Amino acid sequence: MENSPDPAPPLLEVRGISKSFGAVRALQEVDFTLRAGEIHALLGENGAGKSTLIKVITGVFPRDAGIVRLGGDDIAPRSAKAAVAAGIATVYQEVNLLPNLSVAQNLFLDRQPMRFGIVREGEMRRRAKALLADFGLNIDVAAPLGSYSVAIQHVTAIARAVDLSARVLILDEPTASLDRHEVEILFGIMRQLATRGIGIVFVSHFLDQVYEISDRITVLRNGRLVGERETASLPRLELIRMMLGRELAETTSTRASTGEHRAREVCASFENYGKAGYVTPFNLELRHGEVVGLAGLLGSGRTETARLVFGAERADGGQARVEGAPVRLQSPRDGVRHGFGYCPEERKTDGIVAELTVRENIVLALQAKRGLHRPLSRREQDEIARRYVKMLDIRPADPERPVGLLSGGNQQKVLLARWLATSPRLLVLDEPTRGIDVGAHAEIIRLIRELCDDGLALLVISSELDEIVTYSDRVVVLRDRAHVEDLAGEAIDVGNILAAIAADAATVALEAHT
Amino acid sequence: MTALLPRRGLAQILALIVILAVDRVVSPQFFDLRLQDGRLFGSVIDVLNRGTPVALLSLGMVLVIATRGIDLSVGAVMAIAGAIAASLADSHGLPVVLAAALGAGLVCGLWNGFLVAVLGMQPIVATLILMVAGRGIAQLITEGRIVTFSSPDLVWLGNGAVLGLPVPVAIALCMLILTGVVVRGSALGLLIEATGGNARASELAGVGTRAMILAVYVWCGVCAALAGVIAAADIMGADANNAGLWLELDAILAVVIGGTSLFGGRFSLVLAVLGALIIQTMNTGILLSGYPPEFNLLVKAVVVLAVLLLQSPKLTGFAGIVARLRRTKA
Chain A
9 MENSPDPAPP
19 LLEVRGISKS
29 FGAVRALQEV
39 DFTLRAGEIH
49 ALLGENGAGK
59 STLIKVITGV
69 FPRDAGIVRL
79 GGDDIAPRSA
89 KAAVAAGIAT
99 VYQEVNLLPN
109 LSVAQNLFLD
119 RQPMRFGIVR
129 EGEMRRRAKA
139 LLADFGLNID
149 VAAPLGSYSV
159 AIQHVTAIAR
169 AVDLSARVLI
179 LDEPTASLDR
189 HEVEILFGIM
199 RQLATRGIGI
209 VFVSHFLDQV
219 YEISDRITVL
229 RNGRLVGERE
239 TASLPRLELI
249 RMMLGRELAE
259 TTSTRASTGE
269 HRAREVCASF
279 ENYGKAGYVT
289 PFNLELRHGE
299 VVGLAGLLGS
309 GRTETARLVF
319 GAERADGGQA
329 RVEGAPVRLQ
339 SPRDGVRHGF
349 GYCPEERKTD
359 GIVAELTVRE
369 NIVLALQAKR
379 GLHRPLSRRE
389 QDEIARRYVK
399 MLDIRPADPE
409 RPVGLLSGGN
419 QQKVLLARWL
429 ATSPRLLVLD
439 EPTRGIDVGA
449 HAEIIRLIRE
459 LCDDGLALLV
469 ISSELDEIVT
479 YSDRVVVLRD
489 RAHVEDLAGE
499 AIDVGNILAA
509 IAADAATVAL
519 EAHT
Chain B
93 MTALLPRRGL
103 AQILALIVIL
113 AVDRVVSPQF
123 FDLRLQDGRL
133 FGSVIDVLNR
143 GTPVALLSLG
153 MVLVIATRGI
163 DLSVGAVMAI
173 AGAIAASLAD
183 SHGLPVVLAA
193 ALGAGLVCGL
203 WNGFLVAVLG
213 MQPIVATLIL
223 MVAGRGIAQL
233 ITEGRIVTFS
243 SPDLVWLGNG
253 AVLGLPVPVA
263 IALCMLILTG
273 VVVRGSALGL
283 LIEATGGNAR
293 ASELAGVGTR
303 AMILAVYVWC
313 GVCAALAGVI
323 AAADIMGADA
333 NNAGLWLELD
343 AILAVVIGGT
353 SLFGGRFSLV
363 LAVLGALIIQ
373 TMNTGILLSG
383 YPPEFNLLVK
393 AVVVLAVLLL
403 QSPKLTGFAG
413 IVARLRRTKA
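Each protein sequence line maps, in turn, to chains A and B. According to the working numbering, the first sequence holds residues 9 to 522 in order. According to the working numbering, the second sequence holds residues 93 to 422 in order.
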């Protein structure tokens, strides 16, 4: 039946879903269609809207607009539990089960077989064993779930979800913590479930696995639907372009003109710098007045490179130099001492101190750099805060407001201010424009250019290729935790970056260019 | 210096005034003072004097809690310091006695700080170790006996007077000022608040979060040791079993009453000490009223509940909405 999908109504139909968080539009009129018996990959970079879409479908977030139909009927679950009752089950990357309870108890949590108000342990175990046997799993169901591998925990979660009469199964990054063999087991189970007519949504950033398992692919980018394709007829380069880039023709003209960058002085350099299991050793030169963009897919080693450069992670080999002199970067403090600054990707957990004021957040790094015994007087703090609030147009322009009450874009500016106040020589920005509204987005890009013109060295990570192309003097492309390409000058364009990211398709891209 | 006494202290000051007023009702001579042998006497002075150990503990505890930690061992550290001071008092001069006792507190603080900051243990578990072991150490020092002493120097520390004030009160006041100057006069206060508010972010901003955490536990240990010496001097003896027993809970309570959240971040030294005074004012009031002291625990429980309710995000969120509505109307 699943071979003739067109006449049958789709299993799950999502039309025109929109969702905003404050000023940030997380989803804009997104459509998504899942057929019975198919494995459908949902792809996009961080912040593309995958998780939001799943949470809207499963009722974790209320939607602002749009409809969700399951088997032709409109549904509007108000909670994850209601979604499960309707037939949509979700298994998250972090398994939401109780590791201290037995496998059987987890499988039948909340619906244990009872007699006279007492749980029938024997009956429950027998049924649990039978259920898992369907998944080719023969384990002791009386043992605590936590004593098994993550893979088995995943299978248990899936078994529970399917047994709760799921028609749609959503797997959010299920393979992230599995080894190759475990992935095989999981894929076997997914295929088996698909033949039973269950529709599976597979969220992953492992493209190899997507090509191995999925029938169709839907790509989101910046909260919008980019497209839906048959996996078999979608070349990898095309897929990456859908995830990262705009159409080629549109981007080539937007890049700022850059010239004579080769003549600039080296600010910091890294030779054979790396850490086993983290990033393959790389060579990197960062010059004054130059922006180096780091491009690559999620998990390609971009953030890891940034953390090594700043000193947030210790390298196990190689040599770092600042203005030519060898240095050791063992901790963020070392990085700060050498005049580095780092705006991390996760603003809330790694960046701001939410309950402290804008003023205190701005002076924090400078104060840490000066040390305990040289405190900034309140007047100096006020002065610094006022200067940067004005310079970066932080709103509201109240230095005494707790920074947690500001919007994402303004928090990002506060973090920029924190580092600018230390008069750094090198700034590392990890996804500086993620999750902030359009106006602030443009401002931050303008700021990056201005800072660079003032002689700062910048290392900028972004998933927005057209953005990287706009401000970068050089672009380093990463793949599988290694630096694979170094583009400069005229060579910087979205096509070349995409080609470098999609290794297999590189030759295809070259042919297309010639 | 405005940072020492922020606007948010209003609730605590009101609470203290209310409790003082109640005390005045149950004991009409509550505010009577008389000068005798160069030292003031009266219920209010008694409150200050009796409140000194917890006030000293709360000075260290508030910094620990500001880093999102907790120190359960302060009562045991008091016992250790008291035992050391009592054992040495009759054979050594006061400077040696003080140095030994406070040094022991410093070592205890280093131990706690090492477990929390370097080994990354959860503060409640890490300090539980010394809470249990510390009392044992104190008993080993006193060999299980109550060690008494008659050294006039040490007795003066517990019972003497300076400018009419009992020496313990004067010491506590000096420690409050010293801590205030060190913490707010340097960048320590900001860096501690940043560490407690978001340790990961502070670390990435170049703050030496480990050093901060180590420092606050050390200071907490020193404060506890000083409280222990004063407690021993007060009774002219060291009782390893009972010195400082359960006072860690009073110290935590004082900090919480003082408005510092157990989730770390913003703290106020003055309000923590005020919290200690509020607790002692309640204790003294109940004693004076003639109710059985057991009643004390119930009243404390009610006060804790009231304070925690006032701090709960839901209630404060509600209050915030009300305040905002008022502001928009104005």
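For glycine and all other residues, C-beta sits at the position ideal for the given N, C-alpha and C. All values derive from a computational prediction rather than experimental measurement.
Following the continuous beta strand (DSSP E) through residue i, name the residue where it begins and the one where it ends.
i              : result
F355 (chain B) : Per DSSP, F355 (chain B) belongs to no beta strand (DSSP E) and is neither H nor E.
P289 (chain A) : V287 to R295
A141 (chain A) : Note, A141 (chain A): premise wrong, no beta strand (DSSP E); alpha helix (DSSP H) at E129 to D142.
R232 (chain A) : R232 to E238
R244 (chain A) : Here R244 (chain A) belongs to no beta strand (DSSP E); instead the alpha helix (DSSP H) covers R244 to L252.
V209 (chain A) : G207 to V211
Are the CB atoms of residue i and residue j nearer to each other than 9 Å?
i              : j              : result
L198 (chain B) : V314 (chain B) : yes
K228 (chain A) : R237 (chain A) : According to the sequence provided, residue 228 (chain A) is Leu. The question's Lys does not apply to it. Cβ atoms of L228 (chain A) and R237 (chain A): not closer than 9 Å.
L535 (chain A) : A323 (chain A) : Residue numbering for chain A in the displayed model covers 9 to 522; residue 535 (chain A) lies beyond these limits and cannot be assessed.
A376 (chain A) : V261 (chain B) : no
F348 (chain A) : F318 (chain A) : yes
G80 (chain A)  : G24 (chain A)  : no
P18 (chain A)  : T41 (chain A)  : yes
T164 (chain A) : N104 (chain A) : no
L429 (chain B) : V365 (chain B) : Nothing in the structure corresponds to residue 429 (chain B), since chain B is present only between 93 and 422.
V211 (chain A) : L153 (chain A) : no
M153 (chain B) : I370 (chain B) : no
A169 (chain A) : A97 (chain A)  : yes
A5 (chain A)   : I47 (chain A)  : This structure cannot settle anything about residue 5 (chain A), because the visible part of chain A is limited to 9 through 522.
D501 (chain A) : I469 (chain A) : no
Could you give the residue range of the alpha helix (DSSP H) that holds residue i?
i              : result
N504 (chain A) : V502 to I509
V208 (chain B) : Per DSSP, V208 (chain B) belongs to no alpha helix (DSSP H) and is neither H nor E.
H162 (chain A) : V158 to D171
V362 (chain B) : L361 to S381
I111 (chain B) : L102 to V118
T271 (chain B) : V259 to G277
E220 (chain A) : L215 to I221
E298 (chain A) : Premise fails: E298 (chain A) lies in the beta strand (DSSP E), E298 to A303, not in any alpha helix (DSSP H).
I284 (chain B) : L280 to G289
D245 (chain B) : P244 to N251
Could you check if residue i is buried or exposed, using at least 16 other CB atoms within 10 Å of its CB as the buried criterion?
i              : result
M122 (chain A) : exposed
Q128 (chain B) : exposed
T260 (chain A) : Confidence at T260 (chain A) is low in this model, with a pLDDT of 39, below 50, so its placement is unreliable and the value that follows should be read with caution. Exposed, because fewer than 16 other Cβ atoms sit within 10 Å of the Cβ of T260 (chain A).
S242 (chain B) : exposed
I206 (chain A) : buried
K89 (chain A)  : exposed
R227 (chain B) : buried
G382 (chain B) : exposed
A31 (chain A)  : exposed
G320 (chain B) : buried
N369 (chain A) : buried
C460 (chain A) : buried
Which of helix, strand or coil does DSSP assign to residue i?
i              : result
N388 (chain B) : helix
Y309 (chain B) : helix
M213 (chain B) : coil
H189 (chain A) : helix
T259 (chain A) : With a pLDDT of 37 at T259 (chain A), under the threshold of 50, the modelled position of this residue cannot be trusted; read the value that follows with caution. In the structure shown, T259 (chain A) sits in a helix (DSSP, three-state: H, G or I).
T183 (chain A) : coil
G282 (chain A) : strand
P18 (chain A)  : coil
P407 (chain A) : coil
V239 (chain B) : strand
S110 (chain A) : strand
Indicate whether at least one CB of chain D lies closer than 9 Å to the CB of residue i.
i              : result
R358 (chain B) : Looking for chain D here will not work: the only protein chains present are A and B.
The ligand FAD heavy atoms versus the CB of residue i: any closer than 8 Å?
i              : result
G154 (chain A) : The ligand FAD is not among the ligands present in this structure, which contains no ligands whatsoever.
Those runs of the beta strand (DSSP E) which lie wholly inside the region 427-485 of chain A and span at least 3 residues: 434-438 and 465-469
Inside the region 313-400 of chain A only - alpha helix (DSSP H) runs reaching at least 4 residues: 340-345, 366-378 and 386-399
Alpha helix (DSSP H) runs wholly inside the region 129-187 of chain B, at least 4 long, in chain order: 135-158 and 166-181
3-residue-minimum beta strand (DSSP E) runs that sit fully inside the region 20-87 of chain A, ordered along the chain: 20-29, 32-42, 47-51 and 73-78
Length-filtered (4 minimum) alpha helix (DSSP H) runs lying within the region 295-340 of chain B: 301-327
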